[in-house]
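Asks: Here the protein sequences come in this chain order: A and B.
Under my numbering, think of the first position of the first sequence as -12, with each following residue one higher.
Under my numbering, think of the first position of the second sequence as -12, with each following residue one higher.
2 protein chains.
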Amino acid sequence: MKVAIQGEVGCFSHQAAGRIVPGSTIVPCTRSAEVFERVIRGSVGAAVIPIENSLAGSVAEHYDLLLASKLFIQREFYLRIVHNLIAAPGTALEDIRRVFSHPVALEQCRIFFRQNPKIESIPFYDTAGSVRHVIKDKVPDAAGIAGRKAATAYGGRVLLTGIEDNKQNYTRFFLLQRAYRILPEANKTSLAFGLRNEPGILHKALGVFAAYGISLTKIESRPIQGRPWEYVFFADFMRGDDKVARRALKNLKEVADQVKVLGIYKAARII
Amino acid sequence: MKVAIQGEVGCFSHQAAGRIVPGSTIVPCTRSAEVFERVIRGSVGAAVIPIENSLAGSVAEHYDLLLASKLFIQREFYLRIVHNLIAAPGTALEDIRRVFSHPVALEQCRIFFRQNPKIESIPFYDTAGSVRHVIKDKVPDAAGIAGRKAATAYGGRVLLTGIEDNKQNYTRFFLLQRAYRILPEANKTSLAFGLRNEPGILHKALGVFAAYGISLTKIESRPIQGRPWEYVFFADFMRGDDKVARRALKNLKEVADQVKVLGIYKAARII
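#1: I need the straight-line Cα distance from Val26 of chain B to Ile(-8) of chain B, nearest angstrom please.
#2: When the Cα atoms are used, what is the spatial distance from Ile68 of chain B to Leu42 of chain B?
#3: Can you give me the start and stop residues for the alpha helix (DSSP H) that Ser11 of chain B sits inside?
#4: Taking only beta-carbon positions, decide if Gln245 of chain A is within less than 7 Å of chain B.
#5: What three-state label does DSSP hand Ser45 of chain B in the structure shown?
#6: Just mark Tyr136 of chain A as buried or exposed, buried being the case when its beta carbon has 16 or more other beta carbons within 10 Å.
#7: Should Phe220 of chain A and Phe161 of chain A be called a contact, given that it needs their Cβ atoms to be closer than 7 Å?
#8: Would you call the segment -11 to 4 of chain B in contact with the segment 198 to 213 of chain A, where contact means no fewer than 3 C-beta pairs closer than 8 Å?
#9: Rounding to the nearest angstrom, what Cα-Cα distance links Gly187 of chain B and His89 of chain B in this structure?
#10: Looking at C-beta atoms only, is the number of pairs between the segment 28 to 35 of chain A and the segment 139 to 146 of chain A that lie closer than 8 Å three or more?
#11: Going along chain A, which residues have a C-beta under 8 Å from Asp113 of chain B?
#12: So Ala222 of chain B is in the alpha helix (DSSP H); what residue range does that whole segment cover?
#13: Helix, strand or coil, according to DSSP, for Leu58 of chain A in the structure here?
#14: Can you check whether the C-beta of Pro186 of chain B is within less than 7 Å of a C-beta belonging to chain A?
#15: Here's a check: name, in chain order, each residue in its chain whose Cβ is nearer than 6 Å to the Cβ of Ile109 of chain A, leaving out the five neighbours to either side.
#16: When we look at the beta-carbon of Asn153 of chain B and count the other beta-carbons within 10 Å, is it buried (16 or more) or exposed?
#17: Would you list the residues sitting across from Ala137 of chain A in a DSSP beta bridge?
#18: Here's a check: name, in chain order, each residue in its chain whose Cβ is nearer than 8 Å to the Cβ of Ala192 of chain A, leaving out the five neighbours to either side.
#19: Quick one: grab the DSSP three-state call for Ala243 of chain A.
#20: Measuring only between beta-carbons, confirm whether Glu207 of chain B sits less than 7 Å from chain A.
#21: Could you round the C-beta distance between Val(-10) of chain B and Ser11 of chain B to whole angstroms and report it? I think they count as a contact, below 8 Å.
#22: Decide yes or no for the touch test of the segment 172 to 179 of chain A against the segment 168 to 176 of chain B: beta carbon pairs closer than 8 Å, at least 3 of them.
#23: Considering only residues of the segment 60 to 99 of chain A, which uninterrupted beta strand (DSSP E) runs meet the minimum length of 3 residues and lie entirely inside it, listed in chain order?
#24: Report the partner residues of Arg209 of chain B according to the DSSP bridge assignment.
#25: Work out the CA separation of Tyr65 of chain A and Arg159 of chain A for me, nearest whole Å.
#26: May I have the straight-line CA-CA distance separating Ser56 of chain B from Gly149 of chain A, to the nearest angstrom?
#27: With a threshold of 7 Å between beta-carbons, can Leu53 of chain A be considered close to chain B, or not?
#28: Out of B:Gln102, B:Ile257, B:Glu21 and B:Leu80, which has the shortest C-alpha to C-alpha gap to Ala129 of chain B?
#29: When you compare the CB positions of Leu52 of chain A and Leu249 of chain A, do they come within less than 7 Å of one another, or not?
#30: Check each candidate in A:Val91, A:Glu217 and A:Gly213 and name the one with the smallest Cα separation from Lys205 of chain B.
#31: Judging by CA-CA distance, which residue of B:Tyr50, B:Ile122 and B:Ala92 is the nearest neighbour of Arg18 of chain A?
#32: Using the beta-carbon count (16 or more within 10 Å), is Asp229 of chain A buried or exposed?
#33: Give a yes or no on whether 7 Å exceeds the smallest Cβ distance from Gly200 of chain B to chain A.
#34: Answer yes or no: do His70 of chain A and Ile122 of chain A have a C-beta to C-beta separation smaller than 7 Å?
#35: From the DSSP output, read off the bridge partner residues of Lys230 of chain A.
#36: What's the C-alpha gap between Val8 of chain A and Phe224 of chain A?
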């Protein structure tokens, strides 16, 4: 199956797609909107997109695209973000004097740079792109910092692995498809709902879930552009497509302006 | 007054700081944690940090730092993100063949690139940094895309202004200081609170605000690292330091595990 991702070949979305859909063919896209368009047009069978990172928070653009599109979350997946020092084959660790990567990745490997004061960190626009740059452009004495997939993608060698300071760094990905499909083991729902500007209205909306003893695992408000003081809420709750969940959603529609189920899927463990 | 920011000289935080604290001296820092540390140590009088963007969402790292630090929000401010095409003096629009900028900024100026098919877009790690690069390294036939401040900071010339596709692009900034100060016109509160893992507990917590008719303008859950299924919530509500707000906060403490007021300040208009 063809799977669209946003980013360069060898990026973390590529790595996640390989884990979620083994044997898939990756279609890298520059823009996230293009990723969604490709699935809608049917030129790819699915998309794998990051939706939140434990350190950086939610990817608001992807929530906005999910709300606007007719795609459906089929699965969630947590990927541990492991940073690797990757160089051209033949380059040894002792040769490295410059390391390129995205500023956020460089920031997440501060201990490595403190322990190697002779190595200069150079900001680059992308993690996987820094590995490609170092290998394809044959930059001497240099390495990139990226996920392991970047090494296989560009023929690089992993010199060091796990050089990130914080091991609690993981990204949650969604597998999106056109079909509204709910697998039997589905036990988690992602939804969006709009609320008018009224004091206590969110309390009233959440009362629907409380009445059925349903646990929310996420909630986030986003202002609606061009409509000051009106909000759309993105929420996850622990319940699949059963009678109780359906009743709760029905009751929510009496309080909320619009209720959109984004997907009903099996909750993944944080690994 | 010295004001710490995260980012390069000429970045949008620099621009915001100039508007919030006119005449201030900017202290640019590589890391956000350093920005907070400098205010706490007293080597600067204040910090200006972005907290959310209308297109990209919240800056989770800054919420986490706010929760962990003893700094206090003194003001909020909305800055319209206007992208400019900036080149070295003497370079004319007709000369430009390559434009450097952060991938997100390039993405936000798609119409410009569609209308100028002869101009190549080249991803760079930073917006203001791309302007510095083009000017200081005397890159011929090139320009950068950044905020207006980058032009004044590096002696560049604005060739085109407002080349972003979406004019609804604004960033909300906080002015942080060490002092717990509440100005008389303060009418908005930002707070964080932790909740145990219990169905309906968020509903109960929000019931406190609903009971007093207090409007929430933002709510966001963040998982607490290392404590699965426990969450900290970041919320804003429209109320200053008055009797009703104080009573609501007192009642909230009976439901929530920890309640931390991050700041009480005057609500700014979205401009």
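We put the beta carbon where it would ideally sit given N, CA and C, even for glycine.
Replies: Taking the definition as stated:
#1: 10 Å
#2: Ile68 of chain B and Leu42 of chain B: Cα-Cα distance of roughly 10 Å.
#3: Run containing Ser11 of chain B: none; DSSP gives neither H nor E here.
#4: No, Gln245 of chain A does not count as interfacial toward chain B.
#5: DSSP places Ser45 of chain B within a strand segment (E or B) once states are collapsed to three.
#6: The question names Tyr, but residue 136 of chain A is Lys in the sequence shown. So Lys136 of chain A counts as buried.
#7: Cβ distance not < 7 Å, so Phe220 of chain A and Phe161 of chain A don't count as in contact.
#8: no
#9: 43 Å
#10: no
#11: Pro90 and Pro110
#12: Unbroken run through Ala222 of chain B is the beta strand (DSSP E), Tyr218 to Phe224; no alpha helix (DSSP H).
#13: coil
#14: yes
#15: Arg85 and Phe87
#16: exposed
#17: Partner(s): none; Ala137 of chain A has no beta bridge.
#18: Phe180, Leu182, Phe220, Leu239, Val242 and Ala243
#19: coil
#20: yes
#21: 4 Å
#22: no
#23: 71 to 74 and 85 to 88
#24: B:Val219
#25: 4 Å
#26: 28 Å
#27: no
#28: B:Leu80
#29: With respect to Leu249 of chain A, Leu52 of chain A sits apart: the two C-beta atoms are not nearer than 7 Å.
#30: A:Glu217
#31: B:Ala92
#32: So Asp229 of chain A counts as exposed.
#33: yes
#34: no
#35: Partner(s): none; Lys230 of chain A has no beta bridge.
#36: 25 Å
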